[in-house]
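Numbering (our numbering), first residue to last: 1 to 221.
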């Protein structure tokens, strides 16, 4: 009787260990961890505005020299955008800009930037975008979309990525080369304090003349 009870207790213990060990290593949890890749980021809602001097047909293509892919686009990207653009920037008589989102390697700069309080975020970004060279309509588009989405933290760290930073990761090729191009991505990270120390960014000079192309986008961290 004692032998039978010992065997029963041992068998029960082995079964319990097997079950609890299985719970710690469930397929779902393992799968989530294996799919996460911190070396990649999602570039969200880049808008490309085009202002040719005359109405024209353009081919606009993106290239990812370090790897990457387009997740969504409006109008549909296919093998590139083949579009008609007038001098006001209207595309195919219906779009104000080309829209896309992409996944790219996280090869951006994190040394220079600004720490901004949530309460002053709208005024700071508005002034910053105008200083960099965006016009009021482009700034309004940015504020309308992004400010309502940046409310979870008391401070936000903003790392600006200019044309040289972006070009290493996403190249913009246009069939008629523009005379002046302005590209800016903000990498934005929420913070609970304003203690982060950063270098002061150097803003490249930009002149809005001739055939102008401008682009803004955001990477949320």
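Backbone N, C-alpha and C fix where the C-beta goes; we use that ideal spot for every residue, glycine too.
> Quick one: Cα of residue 185 to Cα of residue 56, how far?
Replying inline: 27 angstroms
>> Taking 8 angstroms as the threshold (C-beta atoms), are residue 173 and residue 210 in contact?
In response: no
> Applying the criterion that 16 or more other CB atoms from any shown protein chain within 10 Å of the CB defines a buried residue, is residue 158 buried or exposed?
Replying inline: buried
> DSSP three-state call for residue 100: helix, strand or coil?
Replying inline: strand
> Assuming residue 165 contacts residue 108 under a Cβ cut-off of 8 angstroms, what Cβ separation, rounded to an integer in Å, is found between them?
Replying inline: 6 angstroms
>> At the level of alpha carbons, what is the spacing between residue 117 and residue 54?
In response: 42 angstroms
> Sorted by chain position, which residues of the same chain lie with C-beta nearer than 8 angstroms to residue 27's C-beta, five sequence neighbours on each side aside?
Replying inline: Note on residue 27: pLDDT 29, under 50, position unreliable in the model; the coordinate value appears next. Hits under 8 angstroms: none found.
> DSSP state of residue 190, grouped into three classes?
Replying inline: strand
> Span of the beta strand (DSSP E) holding residue 49?
Replying inline: 40-51
> Between the Cα of residue 73 and the Cα atoms of 111, 103, 189, which residue gives the shortest distance?
Replying inline: 103
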